[in-house]
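**Q** These protein sequence lines are chains C and G, in that order. One gets my numbering by counting positions in the first sequence from 1 and adding 4 to each. One gets my numbering by counting positions in the second sequence from 1 and adding 4 to each. Quick one: this structure, given as structure tokens, is what I'll be asking you about.
2 protein chains.
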Amino acid sequence: VQETIVAERVVFQGRSLRVLERDIQLSESKTVTWEVLAKGDSVAIVALDDDNFVWLVEEYFGAINERSLCLPKGRVDNGELPAAAAARELREEIGMGGELEHLITMSVSPGYLTQRTEVFLATGLHPDPLPGDEAHHLEIVRIPLSQAIEMCGQGAITEARTIAAIMFAGRKLGC
Amino acid sequence: VQETIVAERVVFQGRSLRVLERDIQLSESKTVTWEVLAKGDSVAIVALDDDNFVWLVEEYFGAINERSLCLPKGRVDNGELPAAAAARELREEIGMGGELEHLITMSVSPGYLTQRTEVFLATGLHPDPLPGDEAHHLEIVRIPLSQAIEMCGQGAITEARTIAAIMFAGRKLGC
Numbered sequence: 005v006q007e008t009i010v011a012e013r014v015v016f017q018g019r020s021l022r023v024l025e026r027d028i029q030l031s032e033s034k035t036v037t038w039e040v041l042a043k044g045d046s047v048a049i050v051a052l053d054d055d056n057f058v059w060l061v062e063e064y065f066g067a068i069n070e071r072s073l074c075l076p077k078g079r080v081d082n083g084e085l086p087a088a089a090a091a092r093e094l095r096e097e098i099g100m101g102g103e104l105e106h107l108i109t110m111s112v113s114p115g116y117l118t119q120r121t122e123v124f125l126a127t128g129l130h131p132d133p134l135p136g137d138e139a140h141h142l143e144i145v146r147i148p149l150s151q152a153i154e155m156c157g158q159g160a161i162t163e164a165r166t167i168a169a170i171m172f173a174g175r176k177l178g179c
Numbered sequence: 005v006q007e008t009i010v011a012e013r014v015v016f017q018g019r020s021l022r023v024l025e026r027d028i029q030l031s032e033s034k035t036v037t038w039e040v041l042a043k044g045d046s047v048a049i050v051a052l053d054d055d056n057f058v059w060l061v062e063e064y065f066g067a068i069n070e071r072s073l074c075l076p077k078g079r080v081d082n083g084e085l086p087a088a089a090a091a092r093e094l095r096e097e098i099g100m101g102g103e104l105e106h107l108i109t110m111s112v113s114p115g116y117l118t119q120r121t122e123v124f125l126a127t128g129l130h131p132d133p134l135p136g137d138e139a140h141h142l143e144i145v146r147i148p149l150s151q152a153i154e155m156c157g158q159g160a161i162t163e164a165r166t167i168a169a170i171m172f173a174g175r176k177l178g179c
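Here it is, written out as structure tokens:
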């Protein structure tokens, strides 16, 4: 038997978060009601320059209440293709254009977050800024890829998608 | 200036999800209100047997509406230490005991999810089952670590923490 969503209701709509209640048929005899957070898809970019430095962004995150070093990332706007969103976020967050290659698709928290993140590798970086929409200060940090990989093991890079993408890019590129 | 949470209110309390509204002072002149999903911390385990096979769990996830191959994982109960939660989840989800070593601490979605995940490496696996509390069927899948790493690049393993932990364990163990 394949699991099936048989009904879905919005139970909370806030400023930016929406919670759905889903009735899910798990088997012929069992239906459960689970809550999920409905979030649109996002993109993240491993931006690697010609010196094999990766460009990360340090910013404050309100849920963990601390600053964190992450890949440039952002939402896919309505009707936008993931590759276009990645190109836009790259320009907005680190002021760079580049050639994009799709690396990997990730789920973030598949039990209660609908969001998926498409991760791209950007190479051939060149200045091409676009004003961003961030409410707060972003600090751009440029680190050798090999050092970024070490930082994942030292607690200096903690966001799961950033760790996954950096480790994955490092392996792909033989770092 | 360091960012500071100046006020916090529960704006939604559902069956399993709770949304908070936080007033956050970003600078002397700027305060914003952001919503975050309050979720307790969790653990995940890279369970590696003596043949260098990693034990994963395939289950259905309601938010992405598909089955996904993930590390054994679960919540840290109130008052429980992360290592104790990891030992319990290992027994509940794959029926194994083992020696646990803390590998890495991850945030999942730091902008709107409070949860952190403590990832442990379990070795010396031996049967020691404990009845679990899952509403649905878990399928245990045992895969050579080197093959699991390949699967991360092939779209067969997609959850960010699972990819990050597998790549990280592979690098640590020279796979």
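Glycine is no exception: its CB is placed at the ideal position from the N, C-alpha and C atoms. Computed from a prediction, not measured in an experiment: that's the story for all the values here.
#1: Return no unless some Cβ of chain C is closer than 9 Å to the Cβ of residue 15 of chain G.
#2: Looking at residue 117 of chain G and residue 30 of chain G, is the spacing between their C-beta atoms short of 9 Å?
#3: If you pair each beta-carbon of the stretch 91 to 110 of chain C with each one of the stretch 66 to 79 of chain C, do three or more pairs fall below 8 Å?
#4: Once the 5 residues before and after residue 148 of chain C are set aside, which same chain residues still bring their CB inside 6 Å of it?
#5: Sort C/121, C/83, C/82 by Cα distance to residue 112 of chain G and report the nearest one.
#6: Are the beta-carbon atoms of residue 190 of chain G and residue 60 of chain G separated by less than 9 Å?
#7: Among the candidates C/20, C/169, C/144, whose CA atom is the shortest distance from the CA of residue 71 of chain C?
#8: At a Cβ cut of 7 Å, what residues of the stretch 55 to 79 of chain C count as close to chain G, listed as they run along the chain?
#9: Can you name the start and end residues of the beta strand (DSSP E) that residue 62 of chain G belongs to?
#10: How would you list, in chain order, the residues of chain G whose beta-carbon sits under 7 Å from the beta-carbon of residue 7 of chain C?
#11: Any Cβ of chain C within less than 9 Å of the Cβ of residue 159 of chain G?
#12: List, from N- to C-terminal side, the beta strand (DSSP E) runs of 3 residues or more that fit wholly inside the stretch 115 to 143 of chain G.
#13: Are the Cβ atoms of residue 22 of chain G and residue 9 of chain G separated by less than 9 Å?
#14: Between the alpha carbons of residue 34 of chain G and residue 47 of chain C, how many angstroms are there, rounded?
**A** Per the coordinate set shown:
#1: Residue 15 of chain G counts as touching chain C.
#2: At least 9 Å separates the beta-carbon of residue 30 of chain G from that of residue 117 of chain G.
#3: Taking 8 Å as the limit for Cβ pairs, the verdict is that the stretch 66 to 79 of chain C does touch the stretch 91 to 110 of chain C.
#4: When the five nearest sequence neighbours on each side are left out, the beta carbons in the same chain lying within less than 6 Å of the beta carbon of residue 148 of chain C are those of 57, in order along the chain.
#5: Selected option, being the one with the closest Cα: C/121.
#6: The structure shown does not extend to residue 190 of chain G, since chain G is modelled only from 5 to 179, so the question has no answer here.
#7: Of C/20, C/169, C/144, the residue nearest in Cα terms is C/144.
#8: Only 64, 65, 66, 67, 68, 69, 72 from the stretch 55 to 79 of chain C bring a Cβ to less than 7 Å from some Cβ of chain G.
#9: Annotation for residue 62 of chain G: the continuous beta strand (DSSP E) segment containing it runs 57 to 65.
#10: Those are 64, listed as they occur along chain G.
#11: For residue 159 of chain G, the nearest CB of chain C lies under 9 Å from its own CB, placing it at the interface with that chain.
#12: The stretch 115 to 143 of chain G contains, as complete beta strand (DSSP E) runs of 3+ residues, the segments 120 to 131 (chain order).
#13: It is not a contact, given that the beta carbons lie outside the stated cut-off.
#14: In a straight line, the C-alpha of residue 34 of chain G is about 28 Å away from that of residue 47 of chain C.
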